[in-house]
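Q:
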Amino acid sequence: MIQQRNSDLDIEERLTRETNRLAEKDLDRIAKAYGDLLQSVGEDLDREGLRRTPDRAARALEFLTQGYRQDLDEIINDAIFESEASEIILVKDIELYSMCEHHLLPFIGRAHVAYIPNGKVIGLSKVARIVDVFARRLQIQENLTTQIAESLMRCLEPSGVAVVVEAKHLCMMMRGVEKQNSVMKTSCLLGTFKDDARTRSEFLSLLKD
Ligand code: ZN
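Numbering (this note's numbering), first residue to last: 479 to 687.
#1: State buried or exposed for S518, treating a residue as buried only when at least 16 other CB atoms are found within 10 Å of its CB.
#2: With hydrogens ignored, establish whether the beta-carbon of L583 is closer than 7 Å to any heavy atom of the ligand ZN.
#3: Can you look up P584 in the DSSP assignment and give me helix, strand or coil?
#4: I'd like the span of the alpha helix (DSSP H) that includes V670, first residue to last.
#5: So for A589, helix, strand or coil by DSSP?
#6: With a CB to CB cut of under 7 Å and the five nearest residues on each side skipped, what residues in its chain are close to K646?
#7: Put S576 into one of helix, strand or coil per three-state DSSP.
#8: Tell me where the alpha helix (DSSP H) around V609 begins and ends.
#9: Answer yes or no: the CB of C578 versus the heavy atoms of the ligand ZN, is any distance below 7 Å?
#10: Between the segment 668-687 and the segment 635-642, do at least 3 Cβ pairs fall closer than 8 Å?
#11: Since A627 and V599 should fall inside the 8 Å C-beta cutoff, what is the C-beta to C-beta distance between them, to a whole number of angstroms?
#12: At a cut-off of 7 Å, is D649 close to the ligand ZN when judged by its beta-carbon and the heavy atoms of the ligand?
#13: Flag this pair as yes or no: are the beta carbons of L634 and I558 separated by less than 8 Å?
#14: Between the Cα of C578 and those of M651, L550, D522, spot the shortest distance and give me the residue it belongs to.
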């Protein structure tokens, strides 16, 4: 009997990890907090449209923060291949949705990720997965950009990595009066992209195409 319960727990724990889910007790806490928050702004939790909102919002937050519960090595290990390639590989216009850690509002944009292989390449879809792992957390754009670049540097040991992120921040757009259309651009250049002006300008001209 005890044996059975232990193995059930193991399965549950494994499922939680594999699907990046939060524990039920944490989801309950989040839903409760959302309920408090809605009441604090004067809302009526019994109103029909809000009845399930704390639970739905908790699930949404779970999804938007799943990057905390993902293991990067697990995601990319089976997608690294040996290669003789030594030219710039650029993955452009990767859609990006993240949450600003200062206001808990979304920022939305694109990431452009380039690297110069040094014996190893990675499947293209995995580059987008790396972006998601770091975007699905509470972030500031500068750190997000650096984290994507440094993790590629660590996993692939390429000659260089360049990451550019351009995004619109709803905390500026919804609250501000002037900066409705401004796009924030951040970049992180490592290795050859940082040290060699020609490589850098080739990357910048590829971005413009
Ligand atoms: Zn903000």
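Where is the CB? At the ideal position from N, CA and C, for every residue including glycine.
None of the values given here were measured: they were computed from a predicted structure.
A: From the atom records:
#1: exposed
#2: yes
#3: strand
#4: It should be noted that the sequence gives Thr, not Val, for residue 670. Where T670 is concerned, the enclosing alpha helix (DSSP H) stretches over 670-673.
#5: strand
#6: F585, I586, G587, V661
#7: strand
#8: 602-613
#9: yes
#10: yes
#11: Going by Cβ atoms, the distance from A627 to V599 rounds to 16 Å, so no, they are not a contact pair.
#12: This sequence places Cys at residue 649; Asp is not what is there. For the ligand ZN, at least one heavy atom lies less than 7 Å from the Cβ of C649.
#13: yes
#14: M651
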